[in-house]
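In my numbering, the protein residues as written are 128 to 299. Data block below; observations after.
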């Protein structure tokens with residue numbers, strides 16, 4: 128009888144430094160799609176003065192062997208300079224920005240404002256019947272805030288995706 132060993136799934140934050148050229152994002156997304164891997168979050172930003180290099184931050188999950196395979200496949204793409212798995216590299220900071228629209232009147236409105244203050248969410252738009260809060264923080268902080276706002280009149284959520292960096296003075 129054959130036993131199939133299932134590896135535990137892990138969440139990983141990868142940074143990929145690439146030449147800023149047309150089609151690179153499609154190549155990276157295609158690499159994930161072709162192998163049936165999921166991208167939980169994806170952010171891209173130009174990081175050089177001459178606009179030649181971009182940094183892509185990818186949040187994905189899977190068993191360690193799959194993460195290793197993703198890392199190896201990304202390094203093989205021609206316009207890729209460097210791939211760093213922040214999760215493996217050591218302590219790192221990760222942040223995300225979210226806009227959260229909450230509608231409510233009376234007591235629910237007061238409660239939404241009170242909770243927003245606790246989470247340091249800033250009201251960036253206000254009407255007599257709704258707020259749009261801006262919240263920056265770790266993904267789990269945003270998840271918790273959104274879950275609480277569901278009970279108070281959550282209307283809509285927009286999230287940027289994760290950006291991360293290794294702690295300390297060195298570049299990753």
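Even glycine gets a Cβ: it sits at the ideal position worked out from N, Cα and C.
Given this structure, state the Cα-to-Cα distance separating residue i from residue j, to the nearest angstrom.
i	j	result
residue 274	residue 185	24 Å
residue 191	residue 140	13 Å
residue 250	residue 259	6 Å
residue 136	residue 180	31 Å
residue 170	residue 255	34 Å
residue 159	residue 168	12 Å
residue 247	residue 219	22 Å
residue 199	residue 210	9 Å
residue 207	residue 194	17 Å
residue 203	residue 178	22 Å
residue 189	residue 176	35 Å
Could you check how far apart the C-beta atoms of residue i and residue j are, in whole angstroms? I think they sit under 8 Å.
i	j	result
residue 311	residue 269	The question about residue 311 has no answer, for the chain in this structure spans 128 to 299.
residue 213	residue 151	No, residue 213 and residue 151 are not in contact; Cβ-Cβ is about 20 Å, not under 8 Å.
residue 182	residue 174	5 Å
Just to confirm the assignment, what range does the beta strand (DSSP E) spanning residue i have?
i	result
residue 264	257-264
residue 285	281-286
residue 291	290-293
residue 169	166-173
residue 250	249-253
residue 220	219-230
residue 143	137-146
Could you check if residue i belongs to the surroundings of the ligand ZN, using beta carbon to heavy atom distance under 7 Å?
i	result
residue 184	With respect to the ligand ZN, the structure offers nothing, as it holds no ligand at all.
Taking the alpha helix (DSSP H) that residue i falls in, what are its first and last residues?
i	result
residue 151	151-161
residue 216	213-216
residue 189	Per DSSP, residue 189 belongs to no alpha helix (DSSP H); it is in the beta strand (DSSP E), 180-189.
residue 241	233-246
Buried or exposed, going by whether 16 or more other CB atoms sit within 10 Å of the CB of residue i?
i	result
residue 296	exposed
residue 276	buried
residue 217	exposed
residue 205	exposed
residue 241	exposed
residue 236	buried
residue 157	exposed
residue 243	buried
residue 271	exposed
The region 283-297 contacting the region 217-237, beta-carbon criterion three pairs below 8 Å: A contact exists between the region 283-297 and the region 217-237.
Would the region 229-244 and the region 278-285 be scored as touching if the rule is three or more Cβ pairs under 8 Å? At 8 Å Cβ cutoff, the stretches touch.
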